[in-house]
Structures are given as C-alpha cells and as structure tokens.
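**Q**
Shown next as structure tokens:
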C-alpha cells in the first residue's frame, strides 16, 4: 500500500469567515500539494484541528478527499481518540467510504491507559475497519506511548500495516529491523526526515510539505541516489524552516503563512488561536530567509 510513498501531508482544515470548512480553498490547496509531490493526505488529523471538528464534518472531509483526490494520492482518515467505542464507530463509517485507503489512530491521550489497554484499543479499531490501520505513536502529545515491544505486537495484526512514529531514529531503526516486511514506518517529525529514512523509515508525514514539498523531494531523491552530501545540504537548509512551523502551537504558523500567501483566511477554532503580529514575523523571518 505504501510502496514508493515517501511524503504525505498532514493537511490543515481551512475555515471560511463563518467558521465552516472552506472547501473552495481546500480544492486549491490540494491541487497545489499534489503538483508539488504530496503522495498522500492525513485528513482531519491534529494539524487539521480534529479535536474541534464534529463527526459529521470529519465524514464530510473524508468523502471529499476520497472523491476529489480520486486515486491520485493515498487518503488516510484520522479516526482515533481516547474513547475506544467512538473510535471504532468512526473507523467503521470512514473505512466504508470508497476511496479512503487507510485509517490513522493515535495513542489514547489524557486517560493514560496501560500497554495492555492500548493494545486492546488498537485491536478493536483494526478489527472494525474495512481498510488497513496506521498507528500514531506520539507520546509527546498523548503522554502515553507504545513501547517498541507493544508496537511490534500490534504490527503482527493483519489489519495494522504502518505507524506514524514520533520518537527517535533509534526506535525507528529497531522497529524496521523487527517488524513484518509489509509493515511501514513513517516519521511524523519533519526535522527528523532524513535521519528517519536513514534509520529505515519509508518517509515522512509532514506539515512542512504545505510549503516545501519540492525541496523535500529533492532531498530524498539525493539520498536515494547515494549523494549523501547533497541530501545533507538540502536537509540543513530545510530544518530551520521545518522547526519554525512549530515555534508556536501548530497549526497556527502553517495557517498564518498560508493566509499570508493568500491561500486561506487563517481562521482557527478555539482553543487554537492565530499568531500575534510579532509571532508571525518571527516565523516569516525564518521561512523567508535565504
């Protein structure tokens, strides 16, 4: 499923002045990202402000991407939460949408389940889904995280085929060395992209690809061609820009810069708020530095 897929975009959800999903803006953004090398979309993820989207809005977004992308890239629908029953219900509904290729489910946040509880949680989601499930292991946000051992146990499930791993390249190296051959690892941290690929990851699930897909593609192509010096140089240029997009709570910097480019209006839903003018200038000064 993920063969030759290296760059997937965790896409923002644009809102119009009424606070509803801005589908015309989304049309233009999706088309640009496809032209710049995005090979898949994570829909209604954290970058897409999933905590503030209703279930109906999520299903509508999944249906939109399934129809609009129409096989030109993978469509991965985020269905995970810290409520197993709710995640299972959304997994069933999302996985029945023709054109949705896979689901994403995050480690349950806030309620801090045990590893046995997390394994049971992901197993129920995978059992309910008609398409393969990607785990999302991000202990920095969810507080709890899957150990390598727990993750590998889940990797043996016939309907769990990937992980978005936001820990260390060392973990990625261990997982790729011990997981089934058809289990795919992506880093979820832009600035870790090249190190993760060198550790065995297939690629990156990215926020920076909203702006730097072509440069990221060039970096990965150089690495694949064995030109490590060129890959290192390209990554060195990209890393400060990638990090700038997380200087303040994401996706505020990304939405700010898209709005500055005239692609969206920058609106966010509480508790997320737009950057101040001073914050925005700090980010822009890095993104537009030579």
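In our numbering, the protein residues as written are 728 to 1017.
The C-beta atom is built at its ideal place from N, Cα and C for all residues, glycine as well.
Since the structure is predicted, the reported quantities are computational estimates derived from the model, not experimental observations.
Considering only residues of the same chain and omitting the five flanking positions on each side of residue 1010, which have a CB-CB separation below 8 Å?
**A** Around residue 1010, the same chain offers 971, 972, 974, 975, 980, 983, 984, 1002 as residues with beta carbons nearer than 8 Å, after the five sequence neighbours per side are excluded.
**Q** Taking DSSP as the reference, what is the three-state secondary structure of residue 1014?
**A** It is helical.
**Q** Apply the 10 Å Cβ neighbour rule to residue 954 and answer buried if 16 or more other Cβ atoms are within range, or exposed otherwise.
**A** exposed
**Q** My guess is that residue 815 and residue 767 are in contact by the Cβ rule of under 8 Å, so how many angstroms apart are they, rounded?
**A** Actually they do not touch by this definition, with Cβ atoms about 23 Å apart.
**Q** DSSP state of residue 781, grouped into three classes?
**A** coil
**Q** Evaluate residue 837 with the Cβ neighbour count: other Cβ atoms within 10 Å of its Cβ, from every protein chain shown; 16 or more gives buried, anything less gives exposed.
**A** Label assigned to residue 837: exposed.
**Q** Taking Cβ to Cβ, would you say residue 924 is nearer than 9 Å to residue 934?
**A** no
**Q** Which residues bound the alpha helix (DSSP H) around residue 960?
**A** 955-971
**Q** Tell me residue 911's beta-bridge partners as DSSP assigns them.
**A** 889
**Q** DSSP three-state call for residue 936: helix, strand or coil?
**A** In the structure shown, residue 936 adopts helical secondary structure according to DSSP, grouped into three states.
**Q** Would residue 757 be called buried (16 or more neighbouring beta carbons within 10 Å of its own) or exposed?
**A** buried
**Q** Using three-state DSSP, classify residue 849 as helix, strand or coil.
**A** helix
**Q** So what does DSSP say about residue 872, is it helix, strand or coil?
**A** coil
**Q** Report the residue from 1006, 856, 847 whose alpha carbon sits nearest the alpha carbon of residue 823.
**A** 856
**Q** I want to know whether the region 830-850 touches the region 858-867 - three or more CB-CB distances under 8 Å.
**A** yes
**Q** From 740, 908, 996, 853, pick the residue whose C-alpha is nearest to that of residue 807; which is it?
**A** 853
**Q** Tell me the DSSP bridge mates of residue 1002?
**A** Paired residues: none, contrary to the question.
**Q** For residue 918 and residue 753, I'd like the C-alpha separation in whole angstroms.
**A** 25 Å
**Q** Okay, do the region 985-997 and the region 773-792 touch, 3+ Cβ pairs below 8 Å being the bar?
**A** yes
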